[in-house]
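Report on one structure; see the data block that follows.
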Amino acid sequence: MSAIALRQVDKTYEGGGRLVTALDRIDLDVAEGTFTAILGPSGCGKSTLLNLVAGFEAPSAGAITVFGQAVRKPGPQRAVVFQEAALFPWLSVWDNVVFAATLAGTPKAEYEDLARELITTVGLAGFERHWPDQLSGGMRQRVGLARALLMRPQVLLMDEPFGALDAQTRLQMQELLLSVWERYRKTIIFITHDIDEAVLLADTVHVMSARPGRMQARIDIDLPRPRSLDLLMQDRFNALRREIFGLIRGAH
Amino acid sequence: MSELVATSPRTAGPRLPSARPALLVLQMLAVPLAILLVWELSGRLGWIARGILPSPTAVAQGWWQWAVGHDAMGLNAYSGTWLANVVFSAQRVGQGYGLAILVGVPLGVLIGWSPLVARLVDPTVQALRPVPITAWLPFSIAIFGISAFGAIFLIALGAFYPIVVNSAHGARDVNRNLVRAASMMGASPLQMLLRVVLPSALPSICTGLRIGLGIAWTAVIVAEMIAVKSGLGYVLWDAYYIGRMDVVIADMVSIGLVGFLSDQLILLIAARLLRWKQQR
């Protein structure tokens, strides 16, 4: 059984008096414990796809299941890491990370250790009492990642989380995510428009085309794990990114 | 403030940091002191009749008498009653304003958050809002008679509008991604309202609270001039009738002073509530 399964999923919006097809008959299977990247140009509906899996929006047609359960509304089994972090600015780093646990009324003793471990893992030890406004973009995404992992979700949905960061910070965050994945082995869907990022992080890359958003190709990334940024220099990596680049060029 | 004095030419020599604050204070006091001086002189030189405009020193004397004079000083009806009247007015403001907050903040947040509540309540609020609180005076006297309740009603009503409107505005503008983040973390509707919408709306709510407090002081003076027999507003009108212009002016200054102090208090509370915003 797939961890995440989409069957013939359509999403249409009404815009300017006519129907716009954002997603057209999408099929997708994500195996448990794998890292899947959805790669596509802006406007191809890849973020819409993530919003449907998260339960923020409902599909116009088709079925979405996560571990066999139909997705009806957002819930803590499907943690989301947002593009702009979406931290609560009135809460400290610590209170942001443990927000889900306090919503559920979990006793502090049950989440305290994990919260501390996660904050250390993402490199924010010592920043627990800072407000989000005092953090850089990369640090805010670290909080967003720790917050999502504290929920112990079945799947982790990441919506271009590093898209707004500068190149250097993005590399650091990719390295962090690789090590976090090695440690927790979550099932991840990762949305990106960056070919390098998709190849570096994912086990499987799904390439989407735009208008209407369709699944165009699926490429298995057979690079060995654990991975590091050294991969970026290797021939196999370059061969894979050339292959994907060719697929995207061919689509236009 | 520093931008205002930075216009002095660079060639003016080495800066004397210790001299600058004194100069700043002097610049800020120049106009008020000039006004007081002209006012005092115009009284002493007989430009304006004393009964119409008592001089600053006469006002200060009248105020002193009003503040600390002995009750038994025969002819002066106001002697020693200043504090009591300040407390009367402040109490009414506190009660009316408190009522406005208690109703206005929750209602405003609900109007901003729930389209259903907005449809149910907002048209009524918007329809009543253009009626100035002064126009409610006869209505208020008819219902409550000459009593403190009339004043409290007017204060509450006047402060209610800016509080409800700003709270609704804040709740309507909640960042959609924060709502999504809370919903994926499993927030119930009540948790969403209390832990996401309310804190999100807080900056806007504080703006409403500040505007509302200014209106509350306006309302208490108007109400006490007509519908109540005590407080700073009552003394203001009463002193005018018996020709005690020194008390009238001392009263005006007193109103300004307590208004200013209560505004500072709200600012202090807001700064505490919104300290996460000032950390950049």
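Top line first, the protein sequences correspond to chains A and B. The first sequence begins at 13 in my numbering and counts up one residue at a time. The second sequence begins at 618 in my numbering and counts up one residue at a time. Note that beta-carbon positions come from the ideal geometry of N, C-alpha and C, so glycine has one too. Please read all numbers here as calculations on a predicted model, not as lab measurements.
Can you give the Cα-Cα distance for residue i and residue j, rounded to whole angstroms?
i, j, result
"A/D22", "A/I38", "7 Å"
"B/R892", "A/G55", "38 Å"
"B/F705", "B/D863", "21 Å"
"A/I233", "B/V738", "57 Å"
"B/M645", "B/A675", "25 Å"
"A/G156", "A/G87", "16 Å"
"B/L662", "B/L653", "14 Å"
"B/D880", "B/A833", "11 Å"
"B/L641", "B/G848", "37 Å"
"A/G28", "A/K198", "40 Å"
"A/S104", "A/F47", "30 Å"
"B/I756", "B/L774", "Correcting the residue identity first, residue 756 of chain B is Phe in this sequence and not Ile. Taking the straight line from one Cα to the other gives about 13 Å."
"B/A629", "B/I886", "Confidence at B/A629 is low in this model, with a pLDDT of 47, below 50, so the placement of that residue should be treated as unreliable; the coordinate-derived value is given next. Approximately 42 Å, taken between the alpha carbons."
"B/P626", "B/A639", "Per-residue confidence for B/P626 stands at a pLDDT of 43, beneath the threshold of 50, marking its modelled position as unreliable; the derived number appears in the next sentence. If I take the Cα positions, the gap works out to 19 Å."
"A/P236", "A/L212", "10 Å"
"A/F283", "B/I780", "Chain A is shown only over 13 to 264; residue 283 of chain A falls outside these bounds and no answer can be derived."
"B/G767", "B/G679", "30 Å"
"A/I200", "A/R254", "24 Å"
"A/Q153", "A/G57", "22 Å"
"A/I203", "A/Q186", "13 Å"
"B/V734", "A/H218", "44 Å"
"A/A176", "A/A113", "28 Å"
"B/S659", "B/I665", "6 Å"
"B/S800", "B/I769", "41 Å"
Under 8 Å, do residue i and residue j count as touching if we go by C-beta distance?
i, j, result
"B/V875", "B/A707", "yes"
"B/V837", "B/R709", "yes"
"A/Q166", "A/R84", "no"
"B/G850", "B/A717", "no"
"B/Y714", "B/A856", "no"
"A/V93", "A/L168", "yes"
"A/L312", "A/L190", "One cannot answer for residue 312 of chain A here, as it falls past the ends of chain A, which runs 13 to 264."
"A/Q184", "A/G150", "yes"
"B/A840", "B/L884", "no"
"A/A70", "A/R19", "no"
"A/M220", "A/G52", "yes"
"A/A49", "A/A214", "yes"
DSSP on residue i, reduced to helix/strand/coil?
i, result
"A/S240", "coil"
"A/T204", "strand"
"A/D31", "First, the amino acid is wrong: residue 31 of chain A is Leu here, not Asp. Strand."
"B/R797", "helix"
"B/G713", "helix"
"B/M802", "coil"
"A/L212", "helix"
"A/K23", "strand"
"A/N192", "Position check: residue 192 of chain A holds Val in this sequence, whereas Asn was assumed. Residue state, collapsed to three classes: helix."
"A/L235", "coil"
"A/L51", "strand"
"A/A137", "coil"
"B/T624", "Residue confidence for B/T624 is low, a pLDDT of 39 falling below 50, so the modelled location carries little weight; the figure read from the coordinates is stated next. Coil, per DSSP."
"B/S619", "Confidence is the limiting factor: at B/S619 the pLDDT is only 37, short of 50, which leaves the residue's position unreliable and the question unanswerable from this model."
"A/R37", "strand"
"B/V685", "helix"
Go to residue i, then tell me how far its alpha helix (DSSP H) extends in each direction, as first and last residue.
i, result
"A/S282", "The question about residue 282 of chain A has no answer, for chain A in this structure spans 13 to 264."
"B/A773", "A765 to R789"
"A/M151", "G149 to L162"
"A/A15", "Note, A/A15: premise wrong, no alpha helix (DSSP H); not H, not E."
"B/D855", "L849 to Y858"
"A/F249", "D247 to G262"
"B/A735", "P732 to L745"
"A/D65", "Strictly speaking, residue 65 of chain A in this sequence is Val, with Asp absent from that position. Taken as a continuous stretch (DSSP letters only), the alpha helix (DSSP H) holding A/V65 covers K58 to A66."
"B/G829", "L815 to I843"
"A/A73", "Element bounds for A/A73: not the alpha helix (DSSP H) but the beta strand (DSSP E), A73 to V78."
"B/R889", "M862 to L890"
"A/L115", "F111 to L115"
Starting from residue i, trace the beta strand (DSSP E) in both directions and tell me its first and last residue.
i, result
"A/Q228", "R226 to D232"
"A/V92", "R90 to V93"
"A/L168", "V167 to D171"
Check your understanding: Taking three-plus beta-carbon pairs below 8 Å as touching, is the segment 789-802 of chain B in contact with the segment 852-860 of chain B?
Key -> Touching, no.
Point to revise | Any 3 or more C-beta pairs closer than 8 Å across the segment 251-264 of chain A and the segment 194-211 of chain A | key: Output reads yes: the segment 194-211 of chain A touches the segment 251-264 of chain A.
Point to revise | Segment contact, 8 Å Cβ cut-off, at least three pairs: the segment 760-773 of chain B with the segment 814-822 of chain B | key: Of all C-beta pairs linking the segment 760-773 of chain B to the segment 814-822 of chain B, fewer than three are shorter than 8 Å, placing the two stretches out of contact.
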